[in-house]
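What follows is a set of notes on a single structure, which appears directly below.
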Amino acid sequence: MAVAARSTQVLIVDDERLVRRTLHKKLSREGYRCEEAGDAEEALHQMGGNPADLVILDIMMPGKSGDTLLPELTLHYPTTAVVMSTAVVDADTIIRCMKNGAKDYICKPFNLDNVVDSVERALSKMEAELAVKNHQQMLEQRVVDQTKELHKLSLGAIKSLVVALEEKDKYTAGHSLRVTDISLAIGKEMGLNTQELDDLRWGALLHDVGKLAIDPAIQNKPGRLTPDEYEQMMMHIQVGPRIVGPVVNQTITDIIAHHHDRHDNKGFSQFLRGEAIPLGARILAVADSFDAMYSDRPYRNALPVEKCINEIREGAGTQFNPEAAAAFLRLAAEDRVPHAVCC
Ligand SMILES: [Fe+2]
């Protein structure tokens with residue numbers, strides 16, 4: 003028989019002093035450090051001060067019975083193994099105790115060698131269960147870490163796409179970042195929650211990524227686009243979601259797909275109108291239009307800030323969602339539009 007490690011502590015819970023003393027003596031000889039408790043209350047008190055590695059728990063005790071105490075012990079002390087002890091072999095009670103987390107049971111009158119076997123078996127079971135649990139936790143943590151790392155890599159790749167886009171179009175350098183800042187300011191002003199703001203951030207950063215597929219000659223044309231060229235340029239709202247769809251969520255691709263939708267449904271090939279347009283796209287449309295007007299374009303210089311703000315005001319309820327436009331105008335009135343030097 004293996005001698006227990008000196009640090010293994012056993013709490014013997016039994017209302018009969020003689021039983022406690024007998025078990026105490028036998029297990030001490032086997033190398034266990036033993037403590038005793040005469041009832042459930044005393045057992046909980048002792049566990050609170052110094053939790054045992056194993057509890058031998060009598061089922062029939064005055065006051066709270068052992069099978070009633072068992073769920074409390076397994077809940078609060080999940081690394082403690084419990085061995086039930088009983089004078090009457092009641093199969094239903096024993097099965098219930100095993101279901102509630104007991105690792106083994108012993109029957110009175112005790113064969114003391116069997117008691118030692120049972121204690122060792124229960125400790126081994128607990129050790130194996132804890133090892134499996136730790137391994138599972140380690141695997142779960144590894145999955146979480148790797149998912150985070152993959153997400154980071156994907157977003158890093160996406161950001162590179164934005165850089166590539168802005169390298170390709172000399173007139174829109176910095177546009178995506180500025181539009182992101184302005185969109186987030188409007189979103190916060192409208193009281194969007196953390197998830198909505200996060201989706202808005204990525205939708206705004208990536209809103210024009212589909213322009214990577216547009217002919218640079220059209221993108222950089224120093225003059226107004228012909229209807230054909232405009233049609234080609236507007237393909238970016240279909241291409242963008244296809245480029246980033248595999249690595250971002252549906253809300254973000256919807257924001258990208260609908261950022262040119264007008265509130266009054268008079269936009270180029272749009273299918274949604276009014277409140278049916280995704281929330282992020284309604285906000286992005288305001289930020290995008292403002293920054294486009296406020297920047298130099300191939301065919302004109304940047305417009306004065308007052309004129310840009312006025313265009314948003316006049317477009318509220320027609321081109322722009324009224325709430326998003328109103329939130330932008332509140333920011334403008336307080337000189338809080340990012341990147342804009344207001345009047
Ligand atoms: Fe766009």
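Each step along the sequence shown adds one to the number in the numbering used here, with nothing skipped, and position 122 is 124. Even for Gly, the Cβ is constructed at its ideal location relative to N, Cα and C. Being a predicted model, the structure only gives us computed values, none of them experimental.
Between ligand 1 and the CB of Asp290, the shortest heavy atom gap is smaller than 7 Å.
For the options Met63, Glu308, Glu44, Glu325, the alpha carbon positioned closest to that of Met192 is the one of Glu325. Set against 7 Å, the gap from the CB of Asp147 to the closest heavy atom of ligand 1 is not smaller. Remark: fewer than three beta-carbon pairs, one from each stretch, lie closer than 8 Å, so the stretch 194-211 and the stretch 309-316 are not flagged as touching. When DSSP assignments are scanned along the stretch 143-202, the uninterrupted stretches of alpha helix (DSSP H) that are 4 or more residues long and fall wholly within it turn out to be 177-191. Remark: fewer than three beta-carbon pairs, one from each stretch, lie closer than 8 Å, so the stretch 147-165 and the stretch 267-282 are not flagged as touching.
Within the DSSP bridge table, the entry for Asp60 names Ser87 as partners. Annotation for Ala159: Val249 place their beta carbon closer than 8 Å to its own, counting only its chain and skipping 5 residues before and after.
With a cut-off of 8 Å on Cβ pairs, the stretch 291-300 is not in contact with the stretch 271-282, counting fewer than three such pairs.
Taking the C-beta atoms as reference points, Val57 is found nearer than 8 Å to Leu13. As the crow flies, the alpha-carbon of Leu132 is around 27 Å from that of Asp94. Rounded to the nearest whole angstrom, the CA to CA distance from Glu169 to Leu179 is 13 Å. Separation of the CB atoms of Lys105 and Ala124 is rounded to 4 Å, and the pair is thereby assigned contact status at 8 Å.
The beta carbon of Gly247 is closer than 8 Å to those of Thr255 in its chain, skipping five residues each way along the sequence. Rounded to the nearest whole angstrom, the C-alpha separation of Ile188 and Ala83 is 57 Å. In the displayed model, Val288 falls within a helix according to three-state DSSP.
The criterion of a C-beta distance shorter than 8 Å is satisfied by Ser87 and Ile108. As computed with DSSP, Cys109 is found in a beta bridge with Thr88. Across the set Glu32, Asp41, Ser9, Asp337, the C-alpha of Asp41 shows the shortest separation from the C-alpha of Arg22. Beyond the five residues adjoining it in sequence on each side, Asn251 comes within less than 8 Å, by CB distance, of Asp201 in the same chain, given in chain order. Excluding five sequence positions before and after Asn102, the CB atoms of its chain that fall closer than 8 Å to its own CB belong to Asp69, Leu72, Pro73, Thr76, given in chain order. According to the DSSP assignment, Val21 belongs to the alpha helix (DSSP H) that extends over 19-31. A direct Cα-to-Cα measurement between Arg19 and Asp60 gives close to 12 Å. Secondary structure at Ala326: helix, using DSSP grouped into helix, strand and coil. Here Pro224 really is in contact with Tyr301; their C-beta atoms are around 6 Å apart, less than 8 Å. In terms of CA proximity to Gln11, Glu32 leads the group Ala328, Glu32, Gln139.
A direct Cα-Cα distance of roughly 34 Å separates Lys150 from Met236. Taking a 10 Å sphere around the C-beta of His238, we find 16 or more other C-beta atoms and assign the residue as buried. Placement of the Cβ of His260 at a distance of 7 Å or more from every heavy atom of ligand 1 is found.
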